[in-house]
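> I'd like to ask you about the structure that follows.
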Amino acid sequence: EAGVVQSPRYKIIEKKQPVAFWCNPISGHNTLYWYRQNLGQGPELLIRYENEEAVDDSQLPKDRFSAERLKGVDSTLKIQPAELGDSAVYLCASSLGGVPGEQYFGPGTRLTVT
Amino acid sequence: AQSVTQLGSHVSVSEGALVLLRCNYSSSVPPYLFWYVQYPNQGLQLLLKYTSAATLVKGINGFEAEFKKSETSFHLTKPSAHMSDAAEYFCAVSDPATGNQFYFGTGTSLTVIP
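Chains as they are written, first to last, in my numbering: chain F, 1 to 114; chain V, 1 to 114.
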């Protein structure tokens with residue numbers, strides 16, 4: 001069974017540029033999460049989707065971050081414009097829902113903003 | 001709000017020695033508790049979880065953890081460390097009272113000395 005797929009794995013951009021990350025969850029998983037992991041820290045939830053509905057986006061900086069999950073499958077996380085402080089690893093995870101915490105993580109996208 | 005504290009950001013053990021990684025949580029009700037492992041440049045992988053069944057939980061790779069309500073702890077142990085156990089370990093809590101919002105600790109880096 002294929003795991004959670006993320007692309008790109010690495011991205012280097014200059015500040016004020018836009019950037020987008022893509023996630024393909026495990027087939028059949030209706031819940032999708034985006035996390036940001038700063039160096040030496042645990043992941044912090046940015047947004048959680050149940051199917052195509054964003055049910056928890058309280059930690060998403062909405063002035064520059066946006067996300068979508070069309071058709072309840074793939075998801076895209078966008079930053080526009082990027083700031084130096086956005087340098088981090090962005091993790092996508094998915095779960096079947098109904099089973100707390102059994103999240104399956106992708107390898108992440110390491111973003112460096114210069 | 002929930003929080004998770006991992007005591008010791010870095011732990012070193014000799015190969016074959018006991019591994020003990022500490023995790024304490026704050027919650028007014030019994031939460032769900034998890035340990036995840038992260039190898040370099042990879043996503044997080046679930047080691048084990050506590051969801052109000054048996055207080056001693058066995059996971060993959062010989063790890064286990066014990067839920068102690070009186071101590072609000074969920075420490076991770078392994079009787080004999082292997083070199084392959086070297087990784088970052090995250091404790092996480094999910095609170096059923098808040099829609100299973102998920103919180104990670106800051107992580108403990110485990111080094112295994114040959």
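Note that beta-carbon positions come from the ideal geometry of N, C-alpha and C, so glycine has one too.
Note that the structure is predicted; figures quoted are calculated from it, not measured.
Taking the beta strand (DSSP E) that F/TYR67 belongs to, which residues open and close that run?
Position 67 of the first sequence, counting from 1, holds the residue named residue 67 of chain F. Looking at the sequence itself, residue 67 of chain F is Ala, so the reference to Tyr does not match. Note, F/ALA67: beta strand (DSSP E), 65-68.
> Tell me, please, which residues DSSP counts as bridged to V/SER80.
Indexing the second sequence from 1 puts residue 80 of chain V at position 80. In DSSP, V/SER80 forms no bridge with anything.
> Restricting to Cα atoms, I'd like to know which of F/ALA82, F/GLY97, F/SER75 and F/LEU84 is closest to F/THR31.
As a position in the first sequence, residue 31 of chain F is number 31, starting the count at 1. Closest option to F/THR31, Cα to Cα, is F/GLY97.
> Are the C-beta atoms of F/PHE105 and some chain V residue less than 8 Å apart?
Residue numbering aside, residue 105 of chain F sits at position 105 when the first sequence is read from its first letter. At least one chain V Cβ lies under 8 Å of F/PHE105.
> Would you please verify whether the beta carbon of V/LEU44 is less than 8 Å from any beta carbon of chain F?
As a first step, residue 44 of chain V must be located in the second sequence, where it is residue number 44. So, interface residue.
> Nearest-angstrom Cα distance between F/GLY72 and V/GLU71?
For this step, residue 72 of chain F is matched to residue 72 along the first sequence. For this step, residue 71 of chain V is matched to residue 71 along the second sequence. Their Cα atoms are separated by approximately 41 Å.
> What residues in its chain sit with their C-beta under 8 Å from that of F/ARG9, if we drop five residues either side in the sequence?
The residue you call residue 9 of chain F lines up with position 9 of the first sequence. Cβ neighbours of F/ARG9 beyond the five flanking positions: PRO107, GLY108, THR109 and ARG110.
> Using only the alpha-carbon positions, how far apart do F/ASN24 and V/ALA92 sit?
Mapped onto the first sequence, residue 24 of chain F falls at position 24. Mapped onto the second sequence, residue 92 of chain V falls at position 92. Rounded to whole angstroms, F/ASN24 to V/ALA92 spans 24 Å at the Cα level.
> Given a cut-off of 8 Å, decide if F/LYS78 and F/PRO18 are closer than it, judged by their beta-carbon atoms.
For the purposes of this step, residue 18 of chain F is taken as residue 18 along the first sequence, with counting starting at 1. For the purposes of this step, residue 78 of chain F is taken as residue 78 along the first sequence, with counting starting at 1. Yes, Cβ-Cβ distance for F/PRO18 and F/LYS78 is below 8 Å.
> May I ask you to list the residues that DSSP assigns as paired with F/ALA137?
This structure gives no information on residue 137 of chain F, because the portion of chain F shown stretches from 1 to 114.
> With a threshold of 6 Å on Cβ separation, who are the neighbours of V/PRO114 within its own chain once the five nearest residues in sequence on each side are excluded?
What you label residue 114 of chain V is simply residue 114 of the second sequence in a count that begins at 1. The answer, listed in chain order, is GLU15.
> When you compare only the Cα positions, how much space is there between V/MET83 and V/VAL112?
Your numbering for residue 83 of chain V matches position 83 in the second sequence. Your numbering for residue 112 of chain V matches position 112 in the second sequence. Taking the straight line joining both Cα atoms gives about 5 Å.
> Are the beta-carbon atoms of V/TYR32 and V/LYS49 separated by less than 8 Å?
Position 32 of the second sequence, counted from the first residue, corresponds to residue 32 of chain V. Position 49 of the second sequence, counted from the first residue, corresponds to residue 49 of chain V. It is a contact, given that the beta carbons lie within the stated cut-off.
> With distances taken Cα to Cα, identify the nearest neighbour of V/PRO59 among V/GLU88, V/PHE102, V/PHE34 and V/ARG22.
Within the second sequence, residue 59 of chain V is the residue found at index 59, counting from 1. According to the sequence shown, residue 59 of chain V is Gly rather than Pro. Residue V/PHE34 is the option with its Cα nearest to V/GLY59.
> When the cut-off is 8 Å and only beta carbons count, does V/PHE102 lie next to chain F?
Taking the first residue of the second sequence as 1, we reach residue 102 of chain V at position 102. Interface residue, yes.
> Which residues in chain F have a C-beta closer than 8 Å to the C-beta of V/THR111? List them in chain order.
The sequence position of residue 111 of chain V within the second sequence is 111, counting from 1. Under the 8 Å cutoff, chain F gives no residues; its nearest Cβ is about 15 Å from V/THR111.
> Look up V/ASN24 in the DSSP assignment and give the residues it is bridged to.
Here the question's residue 24 of chain V lines up with position 24 in the second sequence. Its beta-bridge partners are V/THR5 and V/SER73.
> Taking Cβ-Cβ distances shorter than 9 Å, what residues in chain F pair up with V/GLY16?
Within the second sequence, the letter at position 16 stands for residue 16 of chain V. Within 9 Å Cβ-Cβ: nothing; V/GLY16 doesn't reach chain F, min ~28 Å.
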